[in-house]
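Note that the working numbering has the sequence shown beginning at 170, numbered continuously upward.
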Amino acid sequence: MDDAIRLPDVRIARYHFTLNLLEPVHLPPYKGSALRGGFGHTLKRLVCYNPADCRERCRLGNDCVYGYLFETAPPEDAEVLRNFTGVARPFVIEPPLDRRETFEPGEHLDFHVVLIGRGIDYLPYFVLVFQQLGDAGLGRTRGRFTLENVTALGMGSGEEETVFDVSDGMIHNRDLSAGLAEWEALAATLPTNCLTVEFLTPTRLKHKGQWVRNGPPFHILVKALLGRISSLSYFHCGERWETDFRGWIDRAQDVRLVGSGTGWVDWERYSGRQKQRVRMGGLVGRVTYEGNLRDYLPLLALGELIHVGKGTVFGNGQIRVESKE
Numbered sequence: 170m171d172d173a174i175r176l177p178d179v180r181i182a183r184y185h186f187t188l189n190l191l192e193p194v195h196l197p198p199y200k201g202s203a204l205r206g207g208f209g210h211t212l213k214r215l216v217c218y219n220p221a222d223c224r225e226r227c228r229l230g231n232d233c234v235y236g237y238l239f240e241t242a243p244p245e246d247a248e249v250l251r252n253f254t255g256v257a258r259p260f261v262i263e264p265p266l267d268r269r270e271t272f273e274p275g276e277h278l279d280f281h282v283v284l285i286g287r288g289i290d291y292l293p294y295f296v297l298v299f300q301q302l303g304d305a306g307l308g309r310t311r312g313r314f315t316l317e318n319v320t321a322l323g324m325g326s327g328e329e330e331t332v333f334d335v336s337d338g339m340i341h342n343r344d345l346s347a348g349l350a351e352w353e354a355l356a357a358t359l360p361t362n363c364l365t366v367e368f369l370t371p372t373r374l375k376h377k378g379q380w381v382r383n384g385p386p387f388h389i390l391v392k393a394l395l396g397r398i399s400s401l402s403y404f405h406c407g408e409r410w411e412t413d414f415r416g417w418i419d420r421a422q423d424v425r426l427v428g429s430g431t432g433w434v435d436w437e438r439y440s441g442r443q444k445q446r447v448r449m450g451g452l453v454g455r456v457t458y459e460g461n462l463r464d465y466l467p468l469l470a471l472g473e474l475i476h477v478g479k480g481t482v483f484g485n486g487q488i489r490v491e492s493k494e
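Given below as structure tokens:
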């Protein structure tokens, strides 16, 4: 086995969106569901030429902007995971972490969008759709807003470049995306024997068919990250990741969970497709791991950006890795 996990070259771009609120906006405590829902409904309205035929599922699949972003399917010629229905989506919406629910006119609402692989090419659609969503309104009372600014963020460098500003209405091509070299550099800054992982937003991990409601043990986190990175790499970055998945998971069981302050937080969202409320609860809090962590640092560094577990498009599964306090 290699000394450390050699990640595939998953390219990621991160953007800061700023909305200027024109009317009161009422959002749920976990705002990712409202942002993702508003984005999805508006995108489908803009790009779908035959909504009646695509009511259950997009007929064009990955050839359609909506189909690719929201219903990503394995291509027919896929070498692996051909019948896999849980293909990772090429984007994450990171809502603000506060649980504030009411925003007044004149205030700003800030959030991040993470785009992965081919998904980076779809940034103009995110800009256009949030402009259009501003006219339709957001949240329970459909409060209107304007998209004021979109900024590309450098990974670890602090560099920023304006992609869109309401003052000129133009979308500028600014590439601050990062790949393998950046993840390895970030991993080199992390502690090798003892570290803390904070689950900033509800994190939905499954083990043996059951939701993990405490911990989690390190090998469960590793397994989830390996699966997510493999799916993103193959379906959105064009690289089939070959590594000893089972070996890495088994080896992760030697890393000890020495401190756990996590708990399960329940929240629900309304699914327009299912016409019902869907539970989206998950783990939040902090855990401390101790052992030979050096091998897994690249995995954790990338995990900070791509999130982990179920429901990542809503902002679920956001983690932060830091030295033990």
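Even glycine gets a Cβ: it sits at the ideal position worked out from N, Cα and C.
The DSSP-derived three-state label of PRO371 is strand. THR365 places its beta carbon 8 Å or farther from that of ARG463. VAL391 is the residue among LEU215, VAL391, GLY378 and PHE272 whose C-alpha sits nearest the C-alpha of GLY416. Here LEU212 is actually not in contact with VAL296; their C-beta atoms are around 12 Å apart, not less than 8 Å. For the 8 Å CB-CB criterion, PHE314 and GLY303 form a contact. Taking all protein chains in view, the Cβ of VAL490 is crowded by 16 or more other Cβ atoms within 10 Å, so the residue is classified as buried.
8 Å or more divides the Cβ of GLY472 from the Cβ of ARG455. If you draw a 10 Å sphere on the C-beta of GLY286, you find 16 or more other C-beta atoms in it, and that means buried. When secondary structure is reduced to three states using DSSP, ASN219 falls in the coil class, being assigned neither helix nor strand. When only Cα atoms are considered, VAL283 and THR358 end up about 22 Å apart.
Here GLN300 carries a helix assignment [DSSP, helix/strand/coil].
Within the same chain, and ignoring the five residues on either side of ALA421 in sequence, the residues whose Cβ sits closer than 6 Å to its Cβ are PHE387, HIS388 and VAL391. DSSP places TYR465 outside any beta strand (DSSP E), giving it a letter other than H or E. Between the alpha carbons of VAL453 and LEU278 lies a distance of about 23 Å. According to the DSSP assignment, ARG420 belongs to the alpha helix (DSSP H) that extends over 414-421. Taking 8 Å as the cut-off, the Cβ atoms of THR320 and GLN487 do not count as close. Take VAL216, set aside five residues on each side of it, and the residues of its chain with a beta-carbon closer than 6 Å to its own are VAL234 and TYR235, in chain order. Each residue's CA atom was taken as its position, placing SER202 and ASN461 some 37 Å apart. Distances from the alpha-carbon of ARG373 to those of VAL434, PHE260 and GLY325 put VAL434 closest. The Cβ neighbour count for THR241, taken over all protein chains shown within 10 Å, is at least 16; the residue is labelled buried. By the beta-carbon neighbour count (other beta carbons within 10 angstroms, threshold 16), THR481 is buried.
Taking C-alpha positions only, PHE208 is separated from GLY432 by approximately 30 Å. PHE260 is the residue among ARG226, PHE260 and TYR218 whose C-alpha sits nearest the C-alpha of LEU238. Among the bridge pairs identified by DSSP, ASN318 is matched with THR187 and ASP334. Secondary structure of VAL482 (DSSP, three-state): helix.
One thing to note: SER400 has its Cβ no nearer than 8 Å to the Cβ of ALA305.
Burial is judged here by how many other beta carbons sit within 10 angstroms of a residue's own beta carbon; MET449 has at least 16 and is buried. GLY432 has VAL453 as its beta-bridge partners, per DSSP.
Under the three-state reduction of DSSP, HIS476 is assigned to coil, being neither helix nor strand. Under DSSP, GLU329 takes part in a beta bridge, and its partners are LEU322.
Beta bridge pairing from DSSP links LEU307 with GLY312. GLU491: member of the beta strand (DSSP E) spanning 488-492, first to last residue. GLU263 counts as buried, since no fewer than 16 other beta carbons sit within 10 angstroms of its beta carbon.
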